[in-house]
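J.: For what it's worth, the numbering used here labels the leading residue of the sequence shown as 520, then goes sequentially.
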Amino acid sequence: MDYEAVIGLETHVQLKTKSKMWCGCANDFGAPPNTNVCPVCLGLPGVLPVANEEALRLTALAGYLLNCKVSPRAKFDRKNYFYPDMPKNYQITQYDQPSALAGCVEFEFDSRPARVRLTRVHLEEDVGKNFHFDRHSGVDFNRAGVPLMEIVSEPDLTGADMAYEYLNALKEILVYGGVSDCDMEKGMVRCDVNVSVRPKGQTELGAKIEIKNMNSFSGARKALEYEIPRQISVLSQGGKLVQSTRRWDDAAGLTEEMRTKEFAHDYRYFPEPDLMPFEPTQAWLAEVRERVVELPLARKRRFMRDYQLPEADAQTFVRDAALGNYFQSFAAQAKNPKAAANWVINNLRGKLAETGTPLAQIKFAPAAILELVELVESGKLSHRIAQEVFAQTFATGQSPASIVESKGLAQVSDAGALESFCDQAIAAHPGPAADFKAGKTAALNFLKGQVMKLSKGKANPALVGEILQRKLS
Ligand SMILES: [Zn+2]
């Protein structure tokens, strides 16, 4: 029997705010333990939370970027449980009235458009972090109360690779929109994976198994690559799966059971009495909508369409948005945008990295790149010498044309000069010349090389080829 996997993801993303969700403590990663704390985020008795408006804006913005319906009324609720990293003994979250509903993420998977529906986007707070040492444990509350957004997908994903691509697309959208830096190293994105399998064609879902707290996308992919075959193997051997929560052990490369449904938490949600429901005005929402940016996939398609770039180049300009913006600033004037993109991607990017120069501090005007393309295409400059000219333009800001002029680098296309170089090469190497005449076409490359040497690399190679062939036939 054939089985298929049904996967849904709950992705937690820390929002890019200066301060925490309910207090003025800094939201910055890497501070010494328990230094970004106050009575509010330590959950001391009697304190009152005040919602961070920027976090509400970023959540609404994420809603728009993810094609959701942004709710006219969002409510906060208490989710009650006891855990050492949760000083209040409850987490403030949104239960039945989240900030945004019913969206989707569009991305490319297997070179085809894919779409995953979203159930909801809600706003909550992060918890502290437990550390376990040899003989004792510690809790760092710096993270407690950091604004955390949860994005819940519908079970539209069908495999480990698709889940991986979805997570990357989601991350790219949120980074583009300035909603989150999504820095995995700093734990800014984590996800819970819900996965079940069922016989192909069956509409009823199998027992839902949740893998908690994945802190990397590649980890989520590996966990699914392990878990899907595991579930299929249980079912195909006549076994039964029950709804349960599992943990991914990255070192061992397997998932293990943490608890089954009968031990599931009852969180006793109830409306947060210290916070009013949030009802944004039309003006407030309009202001948020002004922050909506072009989505990465749309940008990639636009670069491919408007500048006839191959997918890989367009993707480079999506991943490196600043470089893409730079290219975009002059691409419309390029007769051959693809050639201009090559200079930006292959040469400029390398020089910037090599010299540690920020894009904003480039010494030359973007028109220099168009000039270089023109010099190469018109045959005035060989591609090899053009690289040297570019290096000099980059270093000095001098225009390519003036460098070519002052250094006499222009390619020799003058037939008289080339004829004489060709004659010299043939005279000096009668062997290869005879070989070519006898039908060994490869000998022509050797002679071409000699002419290039004689001209110090400045001969127009296409013309040289023509002249040599004429002389030898
Ligand atoms: Zn605080």
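Beta carbons: idealized from backbone N, C-alpha and C, even for Gly.
Using C-beta distances below 7 Å, list every residue in its chain close to Phe736, excluding the 5 sequence neighbours before and after it, in chain order.
T.: Here the set comprises Tyr683, Leu686, Asn687.
J.: Can you look up Gly968 in the DSSP assignment and give me helix, strand or coil?
T.: Helix, per DSSP.
J.: Pairing CB atoms from the stretch 719 to 735 with CB atoms from the stretch 547 to 554, are three or more of them under 8 Å?
T.: At 8 Å Cβ cutoff, the stretches do not touch.
J.: Thinking C-alpha only, which one of Arg778, Asn964, Ala879, Ile751 is nearest Tyr522?
T.: Answer by Cα proximity: Ile751.
J.: By how many angstroms is the C-alpha of Val671 removed from the C-alpha of Val747?
T.: Note on residue identity: the sequence assigns Ile, not Val, to residue 747. Approximately 20 Å, taken between the alpha carbons.
J.: How long is the line joining the alpha carbons of Gly696 and Leu584, rounded to whole angstroms?
T.: Cα-Cα distance, rounded: 7 Å.
J.: When DSSP builds the beta bridges, which residues end up paired with Asp659?
T.: DSSP, once it has assigned bridges, lists Lys648 as partnering Asp659.
J.: Which residues in the same chain as Asn586 place their Cβ atom closer than 6 Å to its Cβ, once the five residues preceding and following it in sequence are excluded?
T.: Cβ neighbours of Asn586 beyond the five flanking positions: Gly622, Cys623.
J.: How is the alpha helix (DSSP H) around Tyr522 delimited, first residue to last?
T.: Element bounds for Tyr522: not the alpha helix (DSSP H) but the beta strand (DSSP E), 522 to 533.
J.: Does the stretch 860 to 875 touch the stretch 901 to 915, meaning 3 or more C-beta pairs lie closer than 8 Å?
T.: Yes, the stretch 901 to 915 touches the stretch 860 to 875.
J.: Can you tell me the Cα-Cα spacing of Ala884 and Gly916, whole angstroms?
T.: Taking the straight line from one Cα to the other gives about 8 Å.
J.: From Thr536 to Met733, what distance separates their C-alpha atoms?
T.: Rounded to the nearest angstrom, the two C-alpha atoms are 23 Å apart.
J.: If you measure between the beta carbons of Ala920 and Glu890, is that distance less than 8 Å?
T.: Yes, Cβ-Cβ distance for Ala920 and Glu890 is below 8 Å.
J.: Following a CB-centred definition, is Lys539 positioned closer than 7 Å to any heavy atom of ligand 1?
T.: Answer for Lys539: yes, Cβ within range of ligand 1.
J.: Is Ala619 closer than 8 Å to Val589 when the C-beta atoms are compared?
T.: Result yes, Cβ atoms of Val589 and Ala619 sit closer than 8 Å.
J.: Flag this pair as touching only if the stretch 703 to 714 and the stretch 550 to 557 have three or more C-beta atom pairs under 8 Å; answer yes or no.
T.: Contact between the stretch 703 to 714 and the stretch 550 to 557 is absent, because fewer than three Cβ pairs lie under 8 Å.
J.: Starting from the C-beta of Val556, find all residues in its chain whose C-beta is less than 8 Å away, skip the five residues before and the five after it, and write them out in chain order.
T.: Closer than 8 Å at Cβ, skipping near neighbours: Cys544, Phe660, Asn661, Ala663.
J.: Just to confirm my understanding: we take Trp767, look at its own chain, exclude 5 residues before and 5 after, and list those with CB closer than 7 Å. What are they?
T.: The answer, listed in chain order, is Ile730, Met733, Gly738, Ala742, Thr774.
J.: Tell me whether Val559, by its Cβ, gets closer than 7 Å to a heavy atom of ligand 1.
T.: Val559: yes, Cβ under 7 Å from ligand 1.
J.: Span of the alpha helix (DSSP H) holding Pro919?
T.: 919 to 926 is the span of the alpha helix (DSSP H), which, as asked, contains Pro919.
J.: In the stretch 531 to 572, which residue ranges form an unbroken alpha helix (DSSP H) of at least 4 residues, counting only runs that do not cross its ends?
T.: DSSP runs (the alpha helix (DSSP H)) wholly in the stretch 531 to 572: none.
J.: Got a sec: does ligand 1 put a non-hydrogen atom nearer than 7 Å to the Cβ of Gly696?
T.: False, no ligand heavy atom lies under 7 Å from that Cβ.
J.: Any idea what DSSP makes of Thr874, helix, strand or coil?
T.: Helix, per DSSP.
J.: Can we count Cys710 as close to ligand 1, meaning its CB is less than 7 Å from some heavy atom?
T.: Every heavy atom of ligand 1 is 7 Å or more from the Cβ of Cys710, so no.
J.: When burial is assigned at 16 or more other CB atoms within 10 Å of the CB, is Val892 buried or exposed?
T.: Val892 is buried by the Cβ-count criterion.
J.: Tell me Pro666's beta-bridge partners as DSSP assigns them.
T.: DSSP lists Glu644 as partners of Pro666.
J.: Which one or two residues does DSSP pair with Met703 in a beta bridge?
T.: Answer is none; Met703 lacks a bridge partner.
J.: Should Leu973 and Ala944 be called a contact, given that it needs their Cβ atoms to be closer than 8 Å?
T.: In contact: Leu973 and Ala944 (Cβ atoms closer than 8 Å).
J.: Give me the residue from Glu704, Ala934, Phe846, Ala524 with the minimum Cα distance to Met681.
T.: Of the candidates Glu704, Ala934, Phe846, Ala524, the one whose C-alpha sits nearest the C-alpha of Met681 is Ala524.
J.: Can you pull the DSSP bridge partners for Ser672?
T.: BP columns for Ser672 point to Leu637.
J.: What I want to know is whether the C-beta of Gly565 ends up closer than 7 Å to one or more non-hydrogen atoms of ligand 1.
T.: It does not: the Cβ of Gly565 is nowhere closer than 7 Å to a heavy atom of ligand 1.
J.: Out of Pro829, Val716, Ala853, Glu924, state which residue places its alpha-carbon closest to the alpha-carbon of Ile526.
T.: The shortest Cα separation from Ile526 among Pro829, Val716, Ala853, Glu924 belongs to Val716.
J.: Would you kindly check if the distance between the Cβ of Ala581 and the Cβ of Leu667 is under 8 Å?
T.: Going by C-beta atoms, Leu667 is not nearer than 8 Å to Ala581.
J.: Let me know the secondary structure DSSP gives Asn994 once reduced to three states.
T.: In the structure as shown, the chain starts at 520 and stops at 992, and residue 994 therefore has no counterpart that could be examined.
J.: Going along the chain, which residues of its own chain have a beta-carbon closer than 7 Å to the beta-carbon of Asn855, five neighbours each way excluded?
T.: Val892, Glu896, listed in sequence order.
J.: State the beta-bridge partners of Gln610 as determined by DSSP.
T.: Per DSSP, Lys598.
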